[in-house]
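If you're matching positions, the sequence shown starts at 390 in this note's numbering and goes up one per residue. Where is the CB? At the ideal position from N, CA and C, for every residue including glycine. This report refers to the structure that appears directly beneath it.
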Amino acid sequence: MRRTLSTLAILVALCVVAQAATVTLSLQSTKNGQTVQPGTPIDWTIRVAVSTGDNQGLALIACDLVQDAANPAKFDIPPGDVASIDTTMDDFSRPLGISNPGEGSATTGYIGVQRGTAGQKNLIQIGGAQNTFGAAGPTGIGQDFTVNGGIGQGAQPQHVLSGSFLAPSTPGTYTFRLTNGLANVLTSIGTPPAYSPVAQATVNTAGAQISFTVATGPTPCAGDMDCSGLVDFDDIDRFVEALSYPGGAGWPYPNCPWLNGDCNNDGSVNFDDIDAFVARIGATCP
Ligand SMILES: [Ca+2]
Ligand SMILES: [Ca+2]
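The structure is reproduced here in structure tokens:
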């Protein structure tokens, strides 16, 4: 009989482990699955859903937004939009909540911080935590120490953060996903100065990814600055404009490549192209 009870005790312990709260992260974009032109804004949104019946709601959420190693081109993912943090989740962000400090001009690191090799930085440690300690933190962090229950357990997943970046100019299919998901949930809610105990949750990021395809651009055609199919007087203003974008950085016409101004075929657009551009006027494109 004693042996049976011991076995039951072990089973109960196993069940407690198996019933750990589950937190599911999702990543969505209106551009998911679409083919877009270079320079198209790609929006992204992170949401979180928390299991019910085994916890009192979200206490901490963190994840990284990363670009797939096989993406045709890399870039530094810009941090999310502070204005997208709603009044529920601002309790997880400085100054009310506990998050990374903001970097650059950002007021909070809740929107993610850029880390990695320059030119291909990912956005890491998006999110933050409620102040569950029952007392205010130092100035600028954890000022709201009244814990809110039930976060993430509504009928719809809780919005965490939104942001956007521009589709790269290199054609091909790009994938972005959430990784390193970390979450704590409230096991009960204390009345300050009592603290609110938390437990680590199992985080599911399996479906949290978006993909889009950057279309192959128009066939290169020297001198055709508006991709109209021929080189004519209409191209003159934009050719002159192209001379003031060294390397093409910031070229404001995503649907027609800056490099079409390279009329002497040396890989750059500069004053050396002027004579060759004039000679191209009247040419038609392939
Ligand atoms: Ca043209
Ligand atoms: Ca050139």
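Per-residue burial, residue i [other beta carbons within 10 Å of its own, 16 or more giving buried]
i    : result
V406 : Its pLDDT being 45, under 50, V406 is placed unreliably in this model, and the value from its coordinates should be taken loosely. Looking at its Cβ environment, which holds fewer than 16 other Cβ atoms inside 10 Å, V406 is exposed.
F534 : buried
T434 : buried
T497 : buried
F628 : buried
T605 : exposed
D661 : exposed
R504 : exposed
G536 : Per the sequence shown, the amino acid found at residue 536 is Val instead of Gly. When all chains shown are included, V536 counts as buried.
S577 : exposed
G422 : exposed
G486 : buried
T413 : buried
N545 : The identity of residue 545 in the sequence shown is Gln, whereas the question assumes Asn. Its Cβ having fewer than 16 others within 10 Å, Q545 is exposed.
I646 : Inspection of the sequence shows that residue 646 is occupied by Pro rather than by Ile. Per the 10 Å Cβ criterion, buried.
S633 : exposed
D626 : exposed
G493 : exposed
G596 : exposed
Simplified DSSP assignment, three categories, for residue i
i    : result
A588 : strand
V629 : helix
D432 : strand
Y634 : coil
L718 : For the chain, the structure presents residues 390 to 675; residue 718 sits outside this window and is missing.
S440 : coil
S415 : strand
S395 : Caution applies to S395, whose pLDDT of 46 falls short of 50 and renders its modelled position unreliable; the value that the coordinates give is listed next. In this structure, S395 counts as helix in the three-state DSSP scheme.
I540 : coil
G572 : A small fix is needed here, since residue 572 is Ala in this sequence, not Gly. Here A572 sits in strand by DSSP.
F622 : helix
L400 : Since pLDDT at L400 reaches only 39, below the 50 mark, its modelled position is unreliable, and the value read off the structure follows with that caveat. Helix at L400.
F464 : coil
A518 : strand
F660 : helix
N593 : strand
L648 : helix
First and last residue of the uninterrupted alpha helix (DSSP H) at residue i
i    : result
V667 : 663 to 669
Supposed contact pair residue j and residue i - C-beta distance, whole angstroms, cut 8 Å
i    : j    : result
G516 : F481 : 6 Å
N644 : Q426 : 6 Å
V574 : G446 : 7 Å
T411 : N593 : 6 Å
R566 : V455 : 6 Å
G598 : L416 : Just to set this straight, residue 598 is Gln in the shown sequence, not Gly. Their Cβ separation, rounded to whole angstroms, is 6 Å, which keeps Q598 and L416 in contact under 8 Å.
P468 : A495 : 6 Å
N649 : A665 : Contact doesn't hold; Cβ gap of about 12 Å is too wide.
G552 : D623 : In fact, because the Cβ distance is near 37 Å, the residues do not count as touching under 8 Å.
G428 : A556 : 6 Å
D457 : Q514 : The pair is not a contact, with the Cβ atoms about 19 Å apart (cut-off 8 Å).
Extent of the continuous beta strand (DSSP E) run through residue i
i    : result
V455 : 447 to 456
S494 : Unbroken run through S494: none, as it is neither H nor E.
G552 : 547 to 555
T476 : Careful: T476 lies outside any beta strand (DSSP E) and carries neither H nor E.
R504 : 502 to 504
S600 : 598 to 603
CB contact check: residue i to chain D, cutoff 8 Å
i    : result
D621 : Absence of chain D from the displayed structure is noted, only one protein chain being present.
Selected residue, minimal CA-CA separation from residue i, among the options
i    : options                : result
Y563 : S600, A588, N593       : S600
S418 : R504, T559, F554       : F554
A583 : F522, A672, L575       : F522
G671 : W647, S488, G539, V620 : V620
G538 : F660, N520, A524       : N520
Q542 : A472, V439, P581       : V439
G656 : V667, P609, G618, P675 : P609
A507 : F622, A451, F464       : F464
I466 : D432, R483, D479       : D432
A451 : T424, I500, T477       : I500
A462 : Y634, V603, V536, S585 : V603
N659 : N489, P635, G618, T413 : P635
D613 : Q545, V667, S585       : V667
P560 : A459, Q547, D626, E492 : A459
C674 : E492, G491, A611       : A611
C616 : Y642, S633, L632, G596 : Y642
V549 : V587, D475, G639, G531 : D475
Q547 : A448, P430, A409, I663 : A448
P581 : I663, A525, L571       : A525
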